[in-house]
Each structure stands twice: as C-alpha cells, then as structure tokens.
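K.L.:
Numbering (full-length UniProt numbering), first residue to last: 1 to 529. One structure follows; several queries about it will come next.
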C-alpha cells in the first residue's frame, strides 16, 4: 500500500512556536467553502506570502465596495478574486516554524555552485544578489505592514575550525577576488590570528564575514496573516487543520478533504516536502529530509553579546551548523546532520517531525554553547527546546517555482533545500504575479528578479531524474545540496567537543550504523524545559 504523504499530527514544539498565535487553529468559517478563485495549500512562509501578493495584486479589480466601520473600515471590491488558505495542521507549524530564522548565503555555497568556475563570477554574483533581494523584500514587508518579528539586517560569520579546509576555501576565494568577481566585494576574510577573537569560537582557523538578516519567522507569518484578514475579510478564507487528501488531474482543480470538496479555479502548492502527496510526479524530485535544531538560554548573562549569526564548518565529513543569536541573549542552533547521516531511514524520505532523533544524537546540543564559544563556559546555559523539522530537498539544490507542466491551473513554490528563508520572499512575490495574471515562470522571471535555475519546467523535472542520489553531505547551506562524491559521510566524528560530550554521545567508530530510534519517552516525543 502506498504511504500517504501528509504532515504528521502533534509535531514536536519548536522554540519559534512557543508563543502560540491566536490564529493557530483558525477557521474563518465553520463550513469549508465549496469553491474559490485561488486555493493556496500550505500556510508557512511560501503559502502566506503567495496569498498576500495574490490578494494585493488584485485588490483593485471588480466593482468598488466599502465595508462598514463595524468590520474595521476595510475597503474591498465586489467580484475580486477570493483566496482560500488551507493547511493540514496549525498555522506555520511546518518548516517555517522550525528553521533557524536565518537569511544568508554561505561563501562555500557560492564557490561550489555548479558550472561557476569559468563565468567570471556571474552565477555566484547572481545568487548572492538574489539573496540580497530577499533580505530587502522581507525588510520592506516588515516595515510596510508594521510586523513585530525581530527582523534585523546583520552580518554573519562563516567559521572554519579545520585548518586545511580554511586554507583551501580561502585560496579559492582569493583567486575569485583577484579575478574581480563582483560577489567578493561584499565578503571579507578573517585570518586565524583574529578569528577566535572576532567570532568568539574556540579553535576558529579562519572565517568570512558576509551579509545576513534574521527574524522570528513564525511571528512574521502570523503577524502578516492578521493584517491580511483585517484588510481582506471577505476575500480571504483561512482553514487550518484541514489536510488536502487529493488534487484531481482534471482541467478544473478539485481538492478533496475529510470535510468536503473544493472547486478551485487556480491552485498554488506551497507544500514543500509534501508536494508529491498531491502530485506524484514530484516524488523523488522534492525529497522530504528530516533535520534537527535547538534553543539555548543562558541563565547567566554572557559577555560579549553575540551580535552576528553563524555557520560553523567543522571540516570535511564533520558537518556544518548554523546559529542565530537572539536579541534576548538566547541562541537558536541547528545542524548536526553528520551524527545521523548513516541511518538513512531516519532522515531521507522521512516526514516525521513528531519525534526526535535518538537520545544519543539529540544530546549533541546539551553543552553545545559552553564547549564552542568563548565566554559561555560558566553561563549555566539551558538547552530548553530541541525539535525536528522537515525540509524539501531537490537533487540540483534549487527550488521549483512556476506553473506545473501540463497543469495549466496549478503553480508550485517548493523545494527550498533547508534555505527557504533566503529564497521564498522574492519567489512568492513572483508567484502573486503569475497567478493573478495567469502567467508562467518564463513570462515573469526577469521582471520579478528570479533566477532562471528555479523554473519548474518539463525539461528540469526530467533532468532531476538523472541527477545523483541525494545524500547528506558535509554541508547544510541555503539553496544548495552537495552531491560530490567526497561529500558522502563515511564515518561519524565529533568536531571540537569536550570529553564529557563525547561520553554522553557515545559516538560510533567508522563504518558502524547508528542505532534505531530510542524508546526513551523524553526523547521519543520531544521536550522543552
């Protein structure tokens, strides 16, 4: 029997979801609408932003109509398109509510973009510029809509603790810099002599300083949706806790739920890792991949306050972690994929975010900050939240954006490879244009500032069949999946941790297979202190 691809119920609570929104379980109407002009499936960043731009781009269509003061004094237009926003679980409970709240592109990502060594830096610069546009688009929306989500334009450190890796990447960067590749003007190198002092990371062998932004994604999405409901109360219908069980293959999309059926003139799939559940042709094109993250709260004030975000590269085969220091002194940390990479069933094609990885794996976070950051040794840091989340990976490392081939009324915005916060905002704006104007990717991509590589074309879907098997490599980076042969994790090692942590984690020697899911109740279901 074919396994149904749907979000699982009762996911582990992440730090971002700890302040639940009143809209979490919203159903605008007790009954499910039988029809709508546009159905947006998925209520994370991609879905809510797509709905926002669709509504905004069509708000002056139809006949003018003013709503009375009792309804907030909003202005709408009769016969303007209606939008149904639907999700299988609570609002923003998927990847957007489980990530790092981190917007950046690593230097390692740029240097390893396919076919980027001989084009004068054009691909690297284009990708860097795209992520820069995402930052500015997020900033614009936050300011225009007055969203309280801790948005901040910052700098970020790409830190390397392995001397050989640091030397290798610096050499490649310096070659690009001397060749005049434009992207290098926004990046600076910090040598080993100053790396630990500037980054506060012990054993830092070198680092890049790069542009970044950070925010509270859940508060961004829930705050924006509140604005949308106030502005378009009759055009927007929100239905949470309503899984879409099937999407018909007919010319007029028919959505089936356990609450009834919906006829939609147009459909937007903002379903990321779950897209193949509604369109089987996306199976193995967008692969569910499970990851883990944590939140750390120092009970004693730490000096200096960490004002930059981070990616920490521990060396080939040892992984990359990401860190987002919060304004209150806490830190969100994710990564550690090398700990479970050999247990393929635990992460590949796995969409169970209701359970954690085995205790031996999750214990990685228990002394994380104390063992890596200068000044945190006596912080009495508390690891108060640990959680899992599901990413949608594509084998070429790029998202799928645009009209679905052969589906004139269906568009997709999915497959963000763990880097959705650095990719979605501009793509969702373009999605609003495509859907409202009934256009395809090729008609809007340049004007909307997209990258050509994002297109969901027939050619690309066919090409994804022949690309290398998806693996968890020695990197976790926005918009890029490492499929190089030397990225295979053949053994598990501990990067720069103390003996106490090594004993707690009981790390296996090379060639051993990680144990199956632990049965310990505290870790089987998740915890927060």
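Glycine included, each C-beta is placed from N, C-alpha and C at the ideal position. All figures in this text were calculated on a predicted structure; none of them were measured in a lab.
So, helix, strand or coil for residue 266, using DSSP?
P.N.:
Here residue 266 refers to the residue found at position 266 of the chain shown. If DSSP states are grouped into helix, strand and coil, residue 266 belongs with the strands.
K.L.:
Can you give me the C-alpha to C-alpha distance between residue 299 and residue 38, rounded to a whole angstrom?
P.N.:
Residue 299 sits at position 299 when you count from the first residue of the chain shown. Residue 38 sits at position 38 when you count from the first residue of the chain shown. Taking the straight line joining both Cα atoms gives about 48 Å.
K.L.:
Report buried or exposed for residue 252, applying the criterion of at least 16 other Cβ atoms within 10 angstroms of its Cβ.
P.N.:
In the chain shown, counting from the first residue as 1, residue 252 sits at position 252. Classification of residue 252: exposed, given that the 10 Å Cβ count is below 16.
K.L.:
Can you have a look at residue 197 and say buried or exposed, based on whether 16 or more other CB atoms are within 10 angstroms of its CB?
P.N.:
One-based indexing of the chain shown puts residue 197 at position 197. It is exposed - the Cβ of residue 197 has fewer than 16 other Cβ atoms within 10 Å.
K.L.:
Looking at residue 161 and the ligand NAD, is the gap between the Cβ and the nearest heavy atom below 7 Å?
P.N.:
This structure does not include the ligand NAD; it has no bound ligands of any sort.
K.L.:
Which residue marks the beginning of the alpha helix (DSSP H) containing residue 53, and which one marks its end?
P.N.:
For this step, residue 53 is matched to residue 53 along the chain shown. It spans 45 to 57 - the alpha helix (DSSP H) in which residue 53 sits, taken as one unbroken run.
K.L.:
In whole angstroms, what is the alpha-carbon distance linking residue 369 and residue 381?
P.N.:
The residue given as residue 369 occupies position 369 in the chain shown. The residue given as residue 381 occupies position 381 in the chain shown. Distance between the alpha carbons of residue 369 and residue 381: 7 Å.
K.L.:
Does the beta-carbon distance from residue 433 to residue 80 come in below 8 Å?
P.N.:
Numbered from 1 along the chain shown, position 433 holds the residue referred to as residue 433. Numbered from 1 along the chain shown, position 80 holds the residue referred to as residue 80. For residue 433 and residue 80, no; Cβs fall outside 8 Å.
K.L.:
Rounding to the nearest angstrom, what Cα-Cα distance links residue 138 and residue 98 in this structure?
P.N.:
As a first step, residue 138 must be located in the chain shown, where it is residue number 138. As a first step, residue 98 must be located in the chain shown, where it is residue number 98. Residue 138 and residue 98: Cα-Cα distance of roughly 18 Å.
K.L.:
Would you identify the three-state DSSP class for residue 373, choosing helix, strand or coil?
P.N.:
For the purposes of this step, residue 373 is taken as residue 373 along the chain shown, with counting starting at 1. Residue 373: strand per DSSP, three-state reduction.
K.L.:
Just the C-alpha distance for residue 17 and residue 462, rounded to the nearest angstrom, thanks.
P.N.:
On the chain shown, position 17 is the one that residue 17 refers to. On the chain shown, position 462 is the one that residue 462 refers to. C-alpha separation (whole angstroms): 38 Å.
K.L.:
Take the Cβ of residue 287 as the centre, count every other Cβ of all protein chains shown within 10 Å, and call the residue buried at 16 or more, exposed below.
P.N.:
Looking up residue 287 in the chain shown gives position 287. That one is buried.
K.L.:
For residue 438, which three-state DSSP category applies?
P.N.:
Locating residue 438 in the chain shown gives position 438, counting from the first residue. Three-state result, residue 438: coil.
K.L.:
Along the chain, where does the alpha helix (DSSP H) containing residue 128 start, and where does it finish?
P.N.:
Indexing the chain shown from 1 puts residue 128 at position 128. Here the alpha helix (DSSP H) through residue 128 covers 122 to 144.
K.L.:
Anyone know if the C-beta pair for residue 375 and residue 303 falls short of 8 Å?
P.N.:
Mapped onto the chain shown, residue 375 falls at position 375. Mapped onto the chain shown, residue 303 falls at position 303. Yes; because the gap between Cβ atoms is below 8 Å, this pair is in contact.
K.L.:
Please work out which residues of its chain come closer than 6 Å, Cβ to Cβ, to residue 219, disregarding the five sequence neighbours upstream and downstream, and give them in chain order.
P.N.:
Against the chain shown, residue 219 aligns to sequence position 219. Excluding positions up to five away in sequence, the list reads 149.
K.L.:
Hey, how far is the Cα of residue 393 from the Cα of residue 343?
P.N.:
Locating residue 393 in the chain shown gives position 393, counting from the first residue. Locating residue 343 in the chain shown gives position 343, counting from the first residue. Rounded to whole angstroms, residue 393 to residue 343 spans 17 Å at the Cα level.
K.L.:
Buried or exposed: which applies to residue 281, given that a residue is buried once 16 or more other Cβ atoms fall within 10 Å of its Cβ?
P.N.:
In the chain shown, the residue the question calls residue 281 occupies position 281. Flag for residue 281 reads exposed.
K.L.:
From residue 459 to residue 328, what distance separates their C-alpha atoms?
P.N.:
As a first step, residue 459 is located in the chain shown; it is residue number 459 there, counting from the start. As a first step, residue 328 is located in the chain shown; it is residue number 328 there, counting from the start. Going from the Cα of residue 459 to the Cα of residue 328 covers about 48 Å.
K.L.:
Do you know whose CA, among 257, 22, 53 and 331, lies nearest residue 226's CA?
P.N.:
The residue labelled residue 226 in the question sits at position 226 within the chain shown. Closest by alpha carbon: 22.
K.L.:
Just the Cα atoms here: how many angstroms apart are residue 45 and residue 455?
P.N.:
Indexing the chain shown from 1 puts residue 45 at position 45. Indexing the chain shown from 1 puts residue 455 at position 455. Those two C-alpha atoms are separated by around 19 Å.
K.L.:
Checking the sheet assignment: what are the DSSP bridge partners for residue 329?
P.N.:
As a first step, residue 329 is located in the chain shown; it is residue number 329 there, counting from the start. BP columns for residue 329 are empty, so no partner.
K.L.:
By a C-beta neighbour count over all protein chains shown, 10 Å radius and 16 as the cutoff for buried, is residue 122 buried or exposed?
P.N.:
Against the chain shown, residue 122 aligns to sequence position 122. Residue 122 is exposed by the Cβ-count criterion.
K.L.:
Does the beta-carbon of residue 19 have 16 or more other beta-carbons within 10 angstroms, so that it is buried, or is it exposed?
P.N.:
The residue given as residue 19 occupies position 19 in the chain shown. Exposed is the call here.
K.L.:
Measuring CB atoms only, is the region 86 to 100 touching the region 155 to 174, in the sense that at least three cross pairs come out at less than 8 Å?
P.N.:
Verdict: no, contact absent.
K.L.:
I'd like to know if the region 188 to 206 and the region 114 to 131 are in contact, where contact means that at least 3 CB-CB pairs between them fall below 8 Å.
P.N.:
No: the two stretches stay apart, fewer than three of their Cβ pairs being nearer than 8 Å.
K.L.:
Indicate the three-state DSSP secondary structure (helix, strand or coil) for residue 288 in the structure shown.
P.N.:
By 1-based counting over the chain shown, the position of residue 288 is 288. Strand, per DSSP.
K.L.:
Whole angstroms is fine: what's the gap from residue 259's alpha carbon to residue 247's?
P.N.:
Translated into positions along the chain shown, residue 259 becomes position 259. Translated into positions along the chain shown, residue 247 becomes position 247. Distance between the alpha carbons of residue 259 and residue 247 is about 14 Å.
K.L.:
For residue 212, count neighbouring Cβ atoms within 10 angstroms of its own Cβ and tell me buried if that reaches 16, exposed if not.
P.N.:
Counting from one through the chain shown, the residue named residue 212 turns up at place 212. So residue 212 counts as buried.
K.L.:
Does residue 186 pass the burial test, meaning 16 or more other C-beta atoms within 10 Å, or should it be called exposed?
P.N.:
Residue numbering aside, residue 186 sits at position 186 when the chain shown is read from its first letter. With fewer than 16 other Cβ atoms within 10 Å, it is exposed.
K.L.:
Does DSSP classify residue 63 as helix, strand or coil?
P.N.:
Translated into the one-based positions of the chain shown, residue 63 becomes position 63. The predicted model places residue 63 with a pLDDT of 37, which falls under 50 and marks its position as unreliable, so this point remains unresolved.
K.L.:
Please report the Cβ distance between residue 55 and residue 83, rounded to the nearest whole angstrom; I am assuming they are in contact, meaning their Cβ atoms lie under 8 Å.
P.N.:
Against the chain shown, residue 55 aligns to sequence position 55. Against the chain shown, residue 83 aligns to sequence position 83. With a Cβ gap of about 6 Å, residue 55 and residue 83 count as contacting.
K.L.:
Grab me the residues of residue 406's own chain with a C-beta within less than 7 Å of its C-beta, minus the 5 sequence neighbours each way, in chain order.
P.N.:
Taking the first residue of the chain shown as 1, we reach residue 406 at position 406. Same-chain partners within the cutoff: there are none.
K.L.:
Can you look up residue 106 in the DSSP assignment and give me helix, strand or coil?
P.N.:
As a first step, residue 106 must be located in the chain shown, where it is residue number 106. Coil at residue 106, not helix or strand.
K.L.:
In whole angstroms, what separates the C-alpha of residue 479 from that of residue 452?
P.N.:
Residue mapping note: residue 479 aligns to position 479 of the chain shown, counting from 1. Residue mapping note: residue 452 aligns to position 452 of the chain shown, counting from 1. Annotation note: pLDDT 36 at residue 479 (below 50); position unreliable, coordinate value reported separately. Residue 479 and residue 452: Cα-Cα distance of roughly 14 Å.
K.L.:
Figure out for me which residue from 215, 189, 216 and 217 has the closest Cα to the Cα of residue 204.
P.N.:
On the chain shown, position 204 is the one that residue 204 refers to. The shortest Cα separation from residue 204 among 215, 189, 216 and 217 belongs to 189.
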